[in-house]
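Written out below as structure tokens is the structure these notes cover.
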Amino acid sequence: MSHPSLRSICITGAVAVVLILTSNGLVTADGIRALAPKNAPRSAPRGIADKSGNQGMTREAIIVRKGDEPMGVSLGMPQQVRERPWVEWSISSTALTYAVRTPGRYASRWGAIGIRSNSAVILDFDHFGDLKQTTDGRSMEMELGVAEGATNPNQVNFCSAGKFNEQDIHLTKAQAGAFQCDLWCRVNVTRAVGAGDYERKATITVALVNGYDWTELTDETSK
Amino acid sequence: MKKILLFTAVDRTKTHHIRRSPEGGSTMKKVLLFTMVGLFVMAVSGLAQTPVPPVGIYEVEVFDCDSVTGLYLGGPGHLGQGDWLARCFASNEAKGNCNKKNWLIPVTVHASVAQWIDFSMSGTRWDWFVRKPGYYAANCITAKVASNGNVAIDYSGFDSLRSLTYPTGPNTPIGIDYSFGGSITEAVANGWVPAPLLNNDDDLLVENDYWYTNPVGGGTGGNRLHESLTWKLFNRIHVVRCNTACEYQNVALITLVEAGQKPWIEPELGGYKQPLIDWVGVPIP
Chain A
1187 MSHPSLRSIC
1197 ITGAVAVVLI
1207 LTSNGLVTAD
1217 GIRALAPKNA
1227 PRSAPRGIAD
1237 KSGNQGMTRE
1247 AIIVRKGDEP
1257 MGVSLGMPQQ
1267 VRERPWVEWS
1277 ISSTALTYAV
1287 RTPGRYASRW
1297 GAIGIRSNSA
1307 VILDFDHFGD
1317 LKQTTDGRSM
1327 EMELGVAEGA
1337 TNPNQVNFCS
1347 AGKFNEQDIH
1357 LTKAQAGAFQ
1367 CDLWCRVNVT
1377 RAVGAGDYER
1387 KATITVALVN
1397 GYDWTELTDE
1407 TSK
Chain B
254 MKKILLFTAV
264 DRTKTHHIRR
274 SPEGGSTMKK
284 VLLFTMVGLF
294 VMAVSGLAQT
304 PVPPVGIYEV
314 EVFDCDSVTG
324 LYLGGPGHLG
334 QGDWLARCFA
344 SNEAKGNCNK
354 KNWLIPVTVH
364 ASVAQWIDFS
374 MSGTRWDWFV
384 RKPGYYAANC
394 ITAKVASNGN
404 VAIDYSGFDS
414 LRSLTYPTGP
424 NTPIGIDYSF
434 GGSITEAVAN
444 GWVPAPLLNN
454 DDDLLVENDY
464 WYTNPVGGGT
474 GGNRLHESLT
484 WKLFNRIHVV
494 RCNTACEYQN
504 VALITLVEAG
514 QKPWIEPELG
524 GYKQPLIDWV
534 GVPIP
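As they're listed, the protein sequences go chains A and B. Offset between the first sequence (1-based) and the numbering used here: plus 1186. Offset between the second sequence (1-based) and the numbering used here: plus 253.
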């Protein structure tokens, strides 16, 4: 270390490392480098450290310290931990196929919907309606209902498919922590229904109610 | 799979063309690349339009409900019963998790409705007792047909009445004609069809010919074939002086064909083909 040129190289290298850390990212207590979000608003608190650098659903947490510039997180400083809203959902089936031989009114349990989230969630039903014949547009009446733990159709409050679009389910944060329900379907095959194939495509939207209003939490945000 | 094979075939052709090109490889490489990208885009767009075949198919219980109130009629649900009137299959499980704000989950309900027929004939046998020669007509049989699709009516084996007593003799057969209508006057107006010609005069009841709107008494209309069509069938025999006193008879066959029947119906007995699950997601014209 006594050589002058070697000393100048060491000093230059140290300065460069400091510049890199202060301009692009931070070093957390466990030594993992984390970057500040690219689209974070200037007015929003900065100084963000990602614990794992992984956008995994349950592991991700963002540590926020109020301040205008990115700063390192050090033990003993006031910290605020916010967890991104996440949702884990499942539908045991998204397609239902009836094979009907004779007229009647037939009900079936379509499938189970499961929701687990750390945020309020809305289940939004869109584009439901009567089934339409694929060839000439004739229709068949369809009714839908959602019930928890129903064992037969009489325990389900059915409504016409058109009205079902207005039956969105709003789950509070507490309810969305562990929510389970069954989707039921009932078709009315009258004598007026001609032989043929009838179909309806609809959409169920699982929407996170974003209480934090994070700008980066958009529809395009994906895994 | 066909699109992939097509892509490979065209690729080979273009490669062959490059080797013969006097312009050098650079331009042709660009052409080849452009062609490949184009074909890839075409293939991807084609695949996007192809319906996703159902996966993870399983049968679910079907509950029979009252046609008016919709209330379940009781008893266990029906699952996997080959003789039940409707069966239902669920498929395409979906799940996801992350921070995405909105998950749009497409769902589909599909119903394949088979053709049914409901028919009756007040009789299938006419018995004449004739004392003297002459033309005699009778309103003998009322026939009803209801169906939710086209129905073909095939006549076969109709002929003059031939002697049972002297089947090989020179006896003159008794001519017989058929017609239909609400009364004998209508039957005459519709015209008599001699029995042998009836075999070539098959009928087709076309569902679309029977739709009606604004029915008397209100309602939204309907289809008379779905509800029921009724005919009175007349026949007329011509007994001449040379007909020997004996017994005459003709046995014929009327076949009703459900012309729009689904391929998943077993044609002889009208039940489900087994295994029915193989038909889930199969495009049916």
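Just so you know, even glycine gets a beta-carbon here, dropped at the ideal spot from N, CA and C. What you are looking at is a predicted structure, and each value in this text was computed from that prediction instead of being measured.
Residue i (DSSP reduced to helix, strand or coil)
i: glycine 1331(A); result: strand
i: lysine 1349(A); result: helix
i: arginine 1270(A); result: coil
i: valine 398(B); result: strand
i: tyrosine 419(B); result: coil
i: isoleucine 437(B); result: helix
i: lysine 1359(A); result: helix
i: alanine 512(B); result: coil
i: glutamine 334(B); result: coil
i: tryptophan 369(B); result: coil
i: asparagine 392(B); result: strand
i: isoleucine 530(B); result: helix
i: proline 359(B); result: strand
i: arginine 477(B); result: helix
i: glutamate 314(B); result: coil
Selection from the options that minimises the alpha carbon distance to residue i
i: alanine 498(B); options: Leu506(B), Lys485(B), Gly524(B) and Thr418(B); result: Thr418(B)
i: aspartate 380(B); options: Gly534(B), Ile518(B) and Asn503(B); result: Asn503(B)
i: leucine 414(B); options: Val510(B), Leu457(B), Ala448(B) and Thr395(B); result: Ala448(B)
i: tryptophan 517(B); options: Val510(B), Ala505(B), Glu511(B) and Trp532(B); result: Trp532(B)
i: valine 1273(A); options: Asp1383(A), Ala1388(A), Lys1318(A) and Phe1365(A); result: Phe1365(A)
i: leucine 506(B); options: Gly523(B), Ser436(B), Ile406(B) and Asn352(B); result: Ile406(B)
i: isoleucine 310(B); options: Trp1275(A), Glu1269(A) and Trp1296(A); result: Trp1296(A)
i: valine 1332(A); options: Gln1353(A), Thr1320(A), Phe1314(A) and Gln1319(A); result: Gln1353(A)
i: glycine 327(B); options: Thr1337(A), Arg1386(A) and Ala1393(A); result: Thr1337(A)
i: proline 520(B); options: Arg1287(A), Arg1302(A) and Trp1275(A); result: Arg1287(A)
i: asparagine 424(B); options: Val493(B), Lys353(B) and Arg477(B); result: Val493(B)
i: glycine 513(B); options: Ser365(B), Thr421(B) and Gly410(B); result: Ser365(B)
i: glycine 534(B); options: Thr1391(A), Val1392(A) and Asp1383(A); result: Asp1383(A)
i: alanine 391(B); options: His363(B), Gly524(B) and Ile490(B); result: Ile490(B)
i: glutamate 1269(A); options: Asn352(B), Ile530(B) and Cys341(B); result: Asn352(B)
i: asparagine 496(B); options: Lys354(B), Pro386(B), His363(B) and Asp319(B); result: Pro386(B)
Per-residue contacts from residue i into chain D (C-beta, under 9 Å)
i: glutamate 439(B); result: Absent here is chain D; the protein component of the structure consists of chains A and B.
For residue j and residue i, the rounded distance between their alpha carbons
i: lysine 397(B); j: isoleucine 370(B); result: 10 Å
i: threonine 483(B); j: methionine 374(B); result: 10 Å
i: alanine 1360(A); j: isoleucine 1299(A); result: 17 Å
i: isoleucine 1308(A); j: asparagine 350(B); result: 15 Å
i: aspartate 1167(A); j: threonine 1389(A); result: Residue 1167(A) is absent from the model: chain A starts at 1187 and stops at 1409.
i: tryptophan 356(B); j: threonine 322(B); result: 35 Å
i: lysine 485(B); j: threonine 1283(A); result: 41 Å
i: tyrosine 501(B); j: glutamate 439(B); result: 28 Å
i: asparagine 1351(A); j: glutamine 527(B); result: 36 Å
i: aspartate 542(B); j: threonine 466(B); result: An answer regarding residue 542(B) cannot be provided, because it is not within the stretch 254 to 538 covered by chain B.
i: glycine 434(B); j: glycine 335(B); result: 41 Å
i: lysine 1349(A); j: phenylalanine 1314(A); result: 8 Å
i: glycine 376(B); j: aspartate 1368(A); result: 51 Å
i: glutamate 312(B); j: valine 362(B); result: 14 Å
i: leucine 450(B); j: glycine 422(B); result: 24 Å
i: isoleucine 437(B); j: valine 446(B); result: 14 Å
i: alanine 1247(A); j: alanine 1281(A); result: Confidence in alanine 1247(A) is poor, its pLDDT being 49 and thus under 50, which makes the residue's placement too unreliable to answer from.
Close-in-space but distant-in-sequence residues of the same chain around residue i (CB under 6 Å, 5 per side omitted)
i: glutamate 1183(A); result: Here chain A comprises residues numbered 1187 to 1409, so residue 1183(A) is not present and cannot be evaluated.
i: cysteine 393(B); result: Trp379
i: serine 1209(A); result: Only weak support is given to the placement of serine 1209(A): the predicted model assigns it a pLDDT of 41, under 50, and the question is left unresolved by the model.
i: histidine 331(B); result: Val315 and Trp337
i: glutamate 346(B); result: Gly309
i: asparagine 339(B); result: Before going further, note that residue 339(B) is alanine rather than asparagine in the sequence given. Only Val315 meet the Cβ criterion.
i: serine 1303(A); result: Val1273 and Ala1362
Residue i classed as buried or exposed, judged by whether at least 16 other C-beta atoms fall within 10 angstroms
i: asparagine 1343(A); result: exposed
i: isoleucine 537(B); result: exposed
i: histidine 479(B); result: buried
i: aspartate 1322(A); result: exposed
i: leucine 1347(A); result: Leucine is not the amino acid found at residue 1347(A); the sequence shown has alanine there. Buried is the call here.
i: aspartate 462(B); result: exposed
i: glycine 1380(A); result: buried
i: phenylalanine 382(B); result: exposed
i: lysine 1224(A); result: Reliability fails at lysine 1224(A), whose pLDDT of 41 lies under 50, so the model's placement of it is uncertain and no value is given.
i: proline 420(B); result: exposed
i: arginine 1386(A); result: buried
i: asparagine 443(B); result: exposed
i: tyrosine 388(B); result: exposed
Cutoff 7 Å; reference residue i; Cβ partners in own chain excluding five residues on either side
i: proline 1339(A); result: Ala1293, Trp1370 and Arg1372
i: glutamate 511(B); result: Gln368, Ile370, Ser400, Gly402 and Val404
i: glutamate 1329(A); result: Phe1344, Cys1345, Ser1346, Ala1347 and Arg1372
Beta-carbon contacts of residue i that lie in its chain and below 8 Å, excluding the five residues immediately before and after
i: phenylalanine 1279(A); result: At residue 1279(A) the sequence reads serine, which differs from the phenylalanine that was named. Same-chain partners within the cutoff: Trp1296 and Gly1297.
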